[in-house]
Every structure is written in C-alpha cells, then in structure tokens.
Amino acid sequence: MTAAPARITAKRRLGDTLFSGAALAAGGFILLVLAGVAIFLIAQSIPAFLIDPAEIKGQPDSFWQYVGPLVFGTVWAAALALLIAVPIALGIALFISHYAPRRLAQGLGYTIDLLAAVPSVVYGLWGAGVLAPSIQPAYVWLVDNLGWIPLFAPPVSGTGRTILTVAIVLAVMILPIITALSREVFLQTPKLHEEAALALGATRWEMIRMAVLPFGRPGVISAIMLGLGRALGETMAVAMVLSPAAVISIVLTGPQNPTTIPANIALNYPEAHGSYVNVLIATGLILFVITFAVNSAARWAIARRKDFSGAN
Amino acid sequence: MTAVDNSPRTVVNSYTAGKLPRWMPGVTLAIALLVSLGAFWLMSMADGGEFNWILATIVGAVLFVAANWFIARLVEGGRQAVNRLVTSLVIAAFVLALIPLVWLTLTVVVNGTPTLMNGTFLTSSMRNVVGAGGGALHAIVGTLLITGLAAVISIPVGLMTAVYLVEYGTGKMARAITFLVDVMTGIPSIVAGLATYALFALFFGEGVRMGFAGSVALSILMIPVVVRSSEEIMRLVPNELREASYALGVPKWRTITKVVLPTSVAGITTGVMLSIARVIGETAPLLIVAGFTASMNYNPFSERMMSLPVFVYTQYVSPGTDAQAYFDRAWAGALTLILIVALLNAIARIVSHYFSPKLGR
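Rendered as structure tokens:
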C-alpha cells in the first residue's frame, strides 16, 4: 500500500484572487443596496410618526388617518387592474401557446412585449389626454342605467379621470408581464399529456382545461403576483390620469376617487418641505413593504416549482 | 343463417358527419358584422345621430360569438360549442390587447410629429419660454447624461454579480443574491427614488437635487435587469469551452475574461440595451431626486437636471396660459422618448441576431 498522493492544488494567482474578490464584492454590493434602501427609508420615516399631524397636508387627525385612504386606493386600483388584466392576459397567453399558427406565434409574442416597452409617462399622457375623454360617455351611460349598483353610484365624473380609467391603463401596463410568464409555463406542458387528452377525444378546450391549466397553475399564480407588484408600484400613469381625493370610496365612475401611495408621493413631493417629506417617505416605506411581500411570495412560488418542472 | 347485406350504402362520411364546415365561422362573422353595422346605420339614419362604427363593431363581434356558439350547439353538441366559444374568446382577448397598442402609437405619432419637426424642439431649451416655441434639448441632454451615468454604475456591478452567480457562487450566498435580485426587479421606481433621496440627504442636506442622484436611483432599477439577462446568457456558454481552457492551464479569471465573456458578449449587449431602454423611461425617481428645470445643465453633480420623461410630465401637468403649446410639447417629448426606446430595442435585436454565437446547431 502506498500512501495516497498529496492532493495537487492549483497555484493561487493574484488575478484569480482579485477577480473572484471583485465578483463577490459585486454580489455583496447588491445585498448592501437592498439593505440600504430599507434602512434609509426607515431612518427617514421615523420622524413621520412623531410629528404633529396638523403639519400633514389636509390636516388629518393622525398619520394613520392620512395613510388609510392611500393604502385603500393603492390596493383597490391594483385589484381592479388585475381583475381586468388577468382574463385577457391568460387568453393572450393561450392564444400564443396553443391557438396561433406556429409560424406567427413568436412574432405575436413580440407584439405584446412591445406594450412593456412604452414608458409609463406616455401611458399617463395617453390615459389622461385620450382614453379618459373617450371613455367618459360610457361612464355617463353606466351611471344613468346602472346607477343602482353601488359601484356606479351617481354623480358621474365630468372628465372621465376616475379610478376605473386608471385601472384600465394599469391593466394594459401589466398585461405583458403576466402574458410573458404564463405563455412560458403553458408552452412547457408535457406534450404527452396534451396528446393523451386529445387521443381520448377531448376538444382543444377540454385538453387545455385538463392538461395545460392544472400544469401551469403555480406559474400563472406567480405571474399574477408579479403583475400585482407592478400595479401596486406604478406611479406616473396613476398620477397623471386620476383626479384624486382623500376618500375611501368604491365608486368606479365618480368624481371623488381614492388615490394611490406612489401617485400621492409624485404629486406632492416636489412642493413638500419639512416633516411632510418624512411623511411621504413613510408612505413609500409602507409601499415598499407591501410590494416586497407580494414579490417575495411570487418568487417563492416560482422557486418552489422550479425543483420539479424546470419552469420559471 | 343471417343474410349479409352487401348492397352499397350511401352513408355520409363519418369523419365529417354532424360537424360544421370549416368556412362556417367566417360566414357567421361576416353576417354578424353586416347585421350589426346595418342596424346601427339604420338607427343613425332614423334619428339623424352620428354613425357609431366602434360600438357597431363591438356589438357585431358579440353577436358573432353568441351565434357561433348557438349554431355549434344545435349541430355539434355542447362540448364542441364550448370549445368554439373559448376559441372566439381567446382570439378576442388578443385583438383586445392590440387596441391600446395601436391607439397609443397612432395618437403619439399624430400629436407629436408636428412639434418634433418644428425646428426649435430639438435645438433649444425651455429657458425664458412662455407659450409656444422652446424645446427639449435640455431634457434630452439630461436624459442621456443621467442614463449614461446609471449605465456606467450598473453594467460593471451587474456583470460582475452575474459572473459571481455563474462561475463562483455556491450555497447560501448565491441563493440569497438570486432571490434578492428577483425581488429587486419588483421595487417600485418611486421607492428607489425616495431611498436615493434619503441617502443623498445624509451628505448634502435636505432638499438635495442633482442629476447624479437620478443616476443612482436608476441604477437600483437597472442592476437587477442586467444581472438577470447576463446570468441567463452566461449559463448558455458550453462547459466544454471552459474545460478546454482549463486543460490548457489557463487560470480561471483568464478563462472568464477570454472565453466566457467574449462568447456571450452579444447576449450581454442585448440585455444591457434592453435594461437601458427600461430605465430611460422612468419618471418618478427622477422627479424626486433630479428635480425639474427649464435651463440647460451639463453638470450632473450640481443643481437640478431635466430629463425627457419628467419634461413630458411637467409640460402636461403645469401648462401655462397657452395650454395647447405645452400639450404639444408633451406629445413631442413622448414621441422622442418612444423613438429612443424603439431605437435601443432595435439595436438590441440586431446585435443578438447577428452576433450571437452559433452553438453548433
């Protein structure tokens, strides 16, 4: 028996040390940035909880009374946007993955991706200047004929710049992200599952319902969550389209609409001074926490699924 | 003894029996549209109102979906009818999504082109301009400076992080970075702006506004996109290439710089271009940390700096006495922005098409 040969180790080179060090530093820098974002926001938010509420715009009784309508508006607008966007996005994803002719499918996918390339300020400009005036007659009709439903309670907005218009614009903006992810998942459905369903005599829709949708469900859910995160954080489109008020109201077509946290920051920040700045930063912190939770949940769902299907 | 009936039977083809012919949906659609357009035209003739062709088309489409379902239900049965219904709905969803894309593009081009071409828009700033005239040169310069600096910060950091994740990273650290990069992709842009403001306020005092702060805010949004795209491309580099390099005794860092990065340079360039295209349209963080101004400012390290998205926003929300001139400039700014984004996207696609490595397939 000879002794095991000594393990041969590579010579440590200065270049390697420097390069791997730089790579590690860059990775660590990202952790630092994210921690920095959280720490700076928290540090600047603390004064907001201590000041006299009278300094806040609109003189609410407390900080939470100021934040309440904003949080409601943020969640409400994002939920409405999801309600509009999800069925359409899933329809588009199915169209591209299972209905469109193979040759065209990729080009059609790019077309939908173009929606994501338009800057948000342009959506705002279009929503406020073009969509709102065009859709206002429809609101008049809704309020006249369906006014007994609380969602369409009179009076009607004269400008069309309501939370429903905002939700439509947001829905257009989050369509591409939901479509892109769902499409990827649908395309990964095992071919054998689909062919087995078709061989048993299923129609195309029955095949999709039995093979594609159950397989894609976790991916679709995380796509929806990512879309929700985008809708919650969208600033300029809401700021430009909505005519805001500090109310909690579920009326979709009225002149009094709850605004969202990011839009409120964008509208008031340029003229804010003193501790009102801290109040706005504190609302930003609340938004950060909400979106962080939504995005983490979505990414966790994707990561959990990755282990057994290879989808992401 | 049974008599075998050998006489030829005149059965219909069992594969097409009980099915609607292929041309049926097309004919149904044409009839539905004709009926709807005709009805609306008659109604507009009757009460002298305007002919609302948009509403007529929508009603026609709904009519088609219903008729298609009903006919299929009568002839083919319930399951086929539902299948046809879903097919129409899926196609309708796609058409519905194209409407805002086409509508928005047309509006921006129609409203923006006259002002964009008026001669002063691309050559002057808004200094001392009230009403018509003036231009967005200060905003274009500001956008290029701020985005350029953001790229200078983001590309090295993003690229090195991707190198770490692909070549070095293992275990908890790599998993944590991957997760946080994903989460960072979802940071609302306005939160990035607020955090940057909080950072700069520590050093420069309250109310700080400078172009460089805008670059930092954009970097927070840009780094994760660069990391994700570069990482995906670098994972595509075949391991054989790395192993061949190691076998020749090349150190790891030389392998990365001489083999991995050159092989993936096209994909990385594409990813970087797309990430620039994403942040160049960001408005909210720049509104907060870079502020807005009507004058030229070439120095990103002092004073307020205008950028194109903020230009569009301010022109739209605070029009002066001659409001139309301000709106025209906003549309022209939006068109300029879309053209820049389209250009970046086109470059990215061309680069990835012509320079991506041919991986032996």
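So the sequence lines, in the order shown, correspond to chains A and B. Just add 1251 to wherever you are in the first sequence, counting from 1, and you've got our numbering. Just add 4 to wherever you are in the second sequence, counting from 1, and you've got our numbering. Glycine residues also receive a C-beta, built at the ideal position from the N, C-alpha and C atoms. Quick caveat: nothing in here was measured; it's all calculated off a predicted structure.
- With a 10 Å radius around the Cβ and a threshold of 16 neighbouring Cβ atoms, Val1284/A comes out buried.
- The alpha-carbon of Gly1398/A is positioned some 16 Å away from that of Thr1413/A.
- At a cut-off of 8 Å, the C-beta of Gln328/B has no neighbouring C-beta in chain A.
- Of the other Cβ atoms in all chains shown, 16 or more fall within 10 Å of the Cβ of Thr273/B; this residue is therefore buried.
- Listed in chain order, the non-local C-beta contacts of Arg1481/A below 8 Å within the same chain comprise Met1424, Ile1425, Ile1428, local neighbours out to five positions each way being set aside.
- Close CB contacts of Asn1546/A within its chain, under the 6 Å cut and outside five residues either way in sequence, are with Gly1480 (chain order).
- The beta carbons of Leu1477/A and Gly190/B sit about 7 Å from each other, so the pair counts as a contact at 8 Å.
- Collapsing the DSSP output to three states places Pro323/B in coil.
- Within the model, the alpha-carbon separation for Leu108/B versus Val1369/A is close to 9 Å.
- One alpha carbon belongs to Ala1305/A, the other to His1524/A, and they sit about 14 Å apart.
- Beta bridge pairing from DSSP links Pro1509/A with Ala1496/A.
- Residues of chain A with a Cβ closer than 9 Å to the Cβ of Asp186/B are, in chain order, Asn1546, Ser1547, Ala1549, Arg1550, Ile1553, Ala1554.
- Residue-level contact check: Gly173/B touches chain A, since one or more beta carbons of chain A fall below 8 Å from its beta carbon.
- Taking C-beta separations shorter than 8 Å and ignoring five residues to either side along the sequence, the partners of Arg282/B in its chain run Leu225, Met226, Val229, following chain order.
- Glu1457/A belongs to the set of residues whose beta carbon lies under 8 Å from a beta carbon in chain B.
- By the C-beta density criterion, Val114/B is exposed, having fewer than 16 other C-beta atoms within 10 angstroms.
- The three-state reading of DSSP puts Asp1303/A in coil, since its state is none of H, G, I, E or B.
- In this structure, Gly1375/A sits near Ala1488/A, with a CB-CB distance shorter than 8 Å.
- Residues Phe1437, Thr1440 of the same chain have their beta carbon placed closer than 6 Å to that of Val1463/A, with the five preceding and five following residues left out of the count.
- Around the beta carbon of Trp1456/A, 16 or more other beta carbons sit within 10 angstroms, so the residue counts as buried.
- For Ser1371/A, the residues of chain B that pass the 9 Å Cβ criterion are Ser193, Gly285, Glu286, Thr287, Ala288, Pro313, in the order they occur in the chain.
- Between the beta-carbon of Leu1292/A and that of Phe1539/A there is about 6 Å, and that keeps the pair under the 8 Å contact cut.
- Under the Cβ criterion of 8 Å, Pro1441/A is not counted among the residues facing chain B.
- Remark: C-beta atoms of Ala136/B and Ala329/B approach each other more closely than 8 Å.
- For a Cβ distance threshold of 9 Å, residue set Pro104, Trp107, Leu108, Thr111, Val112, Ala338 of chain B lies close to Trp1377/A, ordered along the chain.
- Straight through space, the alpha carbons of Phe183/B and Ile157/B are spaced by roughly 21 Å.
- In this structure, the straight-line span from the alpha carbon of Asp51/B to that of Gly81/B is close to 42 Å.
- A distance of 8 Å or more separates the beta carbons of Thr200/B and Pro313/B.
- For Gln1387/A, no chain B residue has a C-beta closer than 9 Å to its own C-beta; the minimum C-beta separation is roughly 14 Å.
- The shortest C-alpha to C-alpha distance from Arg239/B to any of Gly173/B, Arg333/B, Ala251/B is the one to Gly173/B.
- Pairing Ser92/B with Val66/B, the inter-Cα distance amounts to about 10 Å.
- Between Gly1266/A and chain B, the shortest Cβ-Cβ separation is below 8 Å.
- A direct Cα-to-Cα measurement between Thr127/B and Leu148/B gives close to 15 Å.
- Only Arg83, Gln84, Val86, Asn87, Val90, Thr91, Leu93, Val94, Ile95 from the segment 69 to 95 of chain B bring a Cβ to less than 7 Å from some Cβ of chain A.
- With contacts defined as CB atoms closer than 8 Å, Asn1529/A and Ser1296/A qualify as a contacting pair.
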